[in-house]
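All remarks here apply to the structure that follows.
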Amino acid sequence: MTDLTASQDMMSARHRLDLTSDAAKARVRARYRAEARFRSYGLVALAVTTVFVGILVADILLRGIPAFWQHRLMLDVPIAADAFGEAGKASTEAQIRGGDYYPVTKAALAAAVPGIESRSAERTLNRLLSTGAADVLREQLVANPALIGTTMPKVPLLLSDDADLYFKGHETKVASRAPRGIATPSGTYGQVTVLTASNDFADELIRIKQALALRARQLDTEGARLQRSPEKANQIRGGEMLAEAKALRGRAESPGSEEVLDSNVPSVLVEINGGLVKATKLGNSSISGEVLLPLKSTAEAKPADWKIVSYVTPEANRKVTDQEVAFLERFRSLGAVESAFNWRFFTSGDSREPELAGIRGALVGSALTLLVTLVLCLPIGVAAAIYLEEFAPKNKITDLVEVNINNLAAVPSIVFGLLGLAVFLNFFGMPRSAPLVGGLVLALLVLPTIIIAGRAALRSVPPSIKEAALGVGASHQQAIFHHVLPLAMPGIMTGTIIGMAHALGETAPLLMIGMIAFIVDVPKAFTEAATVMPVQIYLWSDLPEQAFQQKTAAAIVVLLVFLFVMNGLAIWLRKRFERRW
Amino acid sequence: MDAQVATASRPAPTTTAATGYKVMARDCNVYYGAKHALKSVSVDIPDRSVMSFIGPSGCGKSTFLRCINRMNDTIPICRVTGKITIDNQDIYDTSLDVVQLRARVGMVFQKPNPFPKSIYENVAYGPRIHGMAGSKSQLDEIVTASLEKAGLWKEVKDRLNDSGTGLSGGQQQRLCIARAIAVSPEVILMDEPCSALDPIATAKIEELIDELRRNFCIIIVTHSMQQAARVSQRTAFFHLGLLVEEGETSKIFTNPEDKRTQDYITGRFG
């Protein structure tokens, strides 16, 4: 005893705890600094993550949200009495369903924009409507055949994707300006000249010349670069560019001279006497060009009655032509354009036409696939977890099984796809592209996750609960099923839903079993061909149409909402069933 | 303390039914893997009395307690040899159903461990799985009687549907006792039932143990020698896996025969 005390005294003499020395104070300050530093690292990491997630979400929403709205033409549609059969006789439903609606919509468009004589302009006008524009008409007529022979008021006719994008502001800005002089058109249709009493087109001319000068500079740079290239062909091309630039500069530097407009400069148009003239030649006080929308007369127009319009984006840089813009602007001024929520996106399957394509097929495909996965995974996964955790003898074989389950969770998903292809399709001869097979493959993928999560959840239940149950004479199985499993259920649910969310976003294994096909029909059974949401997104993102890029973003929004709903469900389930002990 | 129940001071090992001993152990050995945790323990425990096991940590007293309801079976590496009988029936006999044995031998654990269910469900669980009640009213009777015997009825009768985990520590432990006695066991094992409780709750549990003594054979493991002295009629002292000394509580605490017992109760080690 005494020895012990003595040695303790000696120790404290040498290693005395001093909290007041400078070194101790410095240590305290260093500790505070270290803690503050660590906190600030955390804050910075959090801020960076938040910014990136914010940018991602904002970008997807900005691109995707417009795709949830669609523009339609609200037109009065006259239906001839003999449109789908003999006049005076009621048309059958098959006749109405199978009828040709092109003449019907054509007539409606012609009524809205009268006086179009050129065939190509007429075709352009008709192409503004989607190929599915008449669907709504068909449905209404099937529901009420009495409408045949009447004029249906304000039928919403779906616009084509390019027209829709134009109204969403993706194609060009339209600027208009009031002139000062009195203008006189030379004709009402075809090639006409418009003369004004003052230099009303001088501003446009200057702008065009500026644009020419800009293009000349770009050609100069590019041409000079190409000329330095060692390849002969490039040198020749560079020389051509320099010559072109010189010509352009010549035009740009002679003020007041007339300019011939092409599709590489902004379009200049004149709206006069109820019609629209597109300038092909531009002078200070006159334009000559072609009529896009026929004029009512060749009467003189006072400054207040006509205006100069320009489509800012050059025609070559946009998908809608001047003629199309002219028609669309006419419809807009008629008040016939209406934007409405794109229900079709949620009610129809895929399509080659962006404005007709919907997510329903992929949503139903995902739901069916996940249902198969859930029905397979949850019972098998939970049973396996309970067996391995509570009943399996601890020996080499169970160790091997355990290691392999953990390894399976790390296997690349495409491997499961190959397995599905080899086993389910080739060996068992199951149907290709079917949600059943997709569900089976995803079940293989999710099973390890559920087993691991399930075992962790079972292990986290305090052993005292099991002991308590055993202590009152419950059997091992009763103790587990009555007490341990209910307490582990929130954890198992969380693991399952995380696994299912993982499965929902999985693409690679489904490609292997053919779920990448272009499938128009919404699947109705587990064995019908289907696709799933991530694959649909992948398919759409690959298509060239700009409208499909929007659809891609919109589909991502839907997928994210689906995921949020699933995760929300997980949180709710956990809160609902969480018990304290 | 209560000498009326206690029998002879150091009973000679015997296996006849006429002795009045409820639980008898002969040459009981327990191995955890290679570790010999309990060495050749033989002890007789009389019915309707309280037997306490004392000894330093790791001496094997809890291990022995868990042999009596075969709770050690749940530990894979644990091996038990020797013979333990309850009412002269070998509990390690292969024909005996371990689940039924545990219904006959109730257990109360160190830390109160009510099920995270309602108070009613906690008590009703055992009777329900053993089919002890034919109807809801019978089950209600059992629950009420058990809670009354555990001295908890007055405190919880208005909130039987509240969670058992919402009670205070002492109440939870009495709920666990009620749960144990609901299946009307013959023996109740208590593994340091008061070590997680404050002195007032401890006093209540001790009172309860004294009450229960009239109907049950109670075996209690405790680290508190005062508690052993207060509640038990007989005491056994374990040390390093050996049963060193066993006898009337008053004798063990006042006049122990073994030097090690004396050292322990006087605080030399442990």
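Line by line, the protein sequences are chains A and B. Just so you know, we're using my numbering here: the first sequence kicks off at 13 and counts up by one. Just so you know, we're using my numbering here: the second sequence kicks off at 1426 and counts up by one. Glycine included, every Cβ here is placed at the ideal spot set by N, Cα and C.
Residue-level contact by beta carbon holds for residue 482(A) and chain B, with a gap shorter than 8 Å. Nearest to residue 1601(B) by C-alpha distance, out of 1579(B), 1571(B) and 1612(B), is 1571(B).
With a 10 Å radius around the Cβ and a threshold of 16 neighbouring Cβ atoms, residue 354(A) comes out buried. With contact defined as three or more Cβ pairs closer than 8 Å, the region 492-502 of chain A and the region 1512-1526 of chain B are not in contact. Per the Cβ contact rule, the region 243-254 of chain A is not in contact with the region 299-307 of chain A (fewer than 3 Cβ pairs under 8 Å). Going by DSSP, residue 84(A) is part of the beta strand (DSSP E) stretching over 81-90. With respect to residue 1644(B), residue 1585(B) sits apart: the two C-beta atoms are not nearer than 8 Å. It is roughly 14 Å from the alpha-carbon of residue 168(A) to the alpha-carbon of residue 143(A). Between the region 1626-1645 of chain B and the region 1603-1617 of chain B there are three or more inter-stretch CB-CB distances shorter than 8 Å, so the stretches are counted as touching. Against chain A, the CB of residue 1569(B) has no partner CB under 8 Å away; the residue lies outside that interface. In terms of Cβ geometry, residue 204(A) and residue 289(A) form a close pair [threshold 8 Å]. Residue 447(A) is classed as buried because its beta carbon has at least 16 other beta carbons within 10 Å across all chains shown.
Legend: CB atoms of the region 472-499 of chain A lying less than 7 Å from CB atoms of chain B belong to residues 476, 477, 479, 480, 482, 483, 484, 485, 486, 487, 490, 495 and 499. Residue state for residue 415(A) is assigned as helix, using DSSP reduced to three classes.
Under DSSP, the beta-bridge partners assigned to residue 1451(B) are 1508(B). Counting along the chain, residue 1616(B) sits inside the beta strand (DSSP E) bounded by residues 1612-1616. The region 527-542 of chain A makes contact with the region 371-389 of chain A; the number of CB pairs closer than 8 Å reaches 3 or more. Here the C-alpha atom of residue 347(A) lies approximately 57 Å from the C-alpha atom of residue 441(A).
Secondary structure of residue 538(A) (DSSP, three-state): coil. Nearest neighbour of residue 521(A) by Cα position, chosen from 469(A), 199(A) and 425(A), turns out to be 425(A). With respect to chain B, the C-beta atom of residue 587(A) has no partner C-beta closer than 8 Å. Of all residues in the region 399-416 of chain A, those with a C-beta nearer than 8 Å to a C-beta of chain B are 405 and 406, reading in chain order. At a cut-off of 8 Å between beta-carbon atoms, residue 1538(B) makes contact with chain A. Under the DSSP assignment, residue 203(A) falls in the beta strand (DSSP E) whose first and last residues are 203-208. Of the other Cβ atoms in all chains shown, fewer than 16 fall within 10 Å of the Cβ of residue 530(A); this residue is therefore exposed. Under the three-pair Cβ rule at 8 Å, the region 415-431 of chain A counts as touching the region 510-526 of chain A. Residue environment for residue 387(A): exposed (fewer than 16 other C-beta atoms within 10 angstroms of its C-beta). In this structure, the alpha-carbon of residue 234(A) lies about 12 Å from that of residue 226(A). Nearest to residue 1489(B) by alpha-carbon distance, out of 1575(B), 1449(B) and 1528(B), is 1449(B). Taking a cut-off of 8 Å for Cβ pairs, the region 1454-1471 of chain B and the region 1498-1510 of chain B touch, as three or more such pairs fall below it. Looking at the DSSP output, residue 1667(B) sits in a beta bridge with 1664(B).
Within its own chain, the residues whose Cβ lies closer than 7 Å to the Cβ of residue 292(A), once the five positions on either side in sequence are excluded, are 272, 273, 300, 301 and 302, listed in chain order.
Non-local C-beta neighbours of residue 1635(B) in its own chain, meaning closer than 8 Å and more than five positions away in sequence, comprise 1475 and 1656, ordered along the chain.
A distance below 7 Å between beta-carbons, with the five flanking residues on each side excluded, links residue 486(A) to the following residues of its chain, in chain order: 494. Contact check for residue 137(A) and residue 121(A): beta-carbon distance about 5 Å, within the 8 Å limit, so the pair qualifies.
Apart from the 5 residues on each side of it in sequence, residue 1477(B) sits with its Cβ closer than 6 Å to the Cβ of 1645, 1647, 1653, 1657 and 1660 in its chain, given in chain order.
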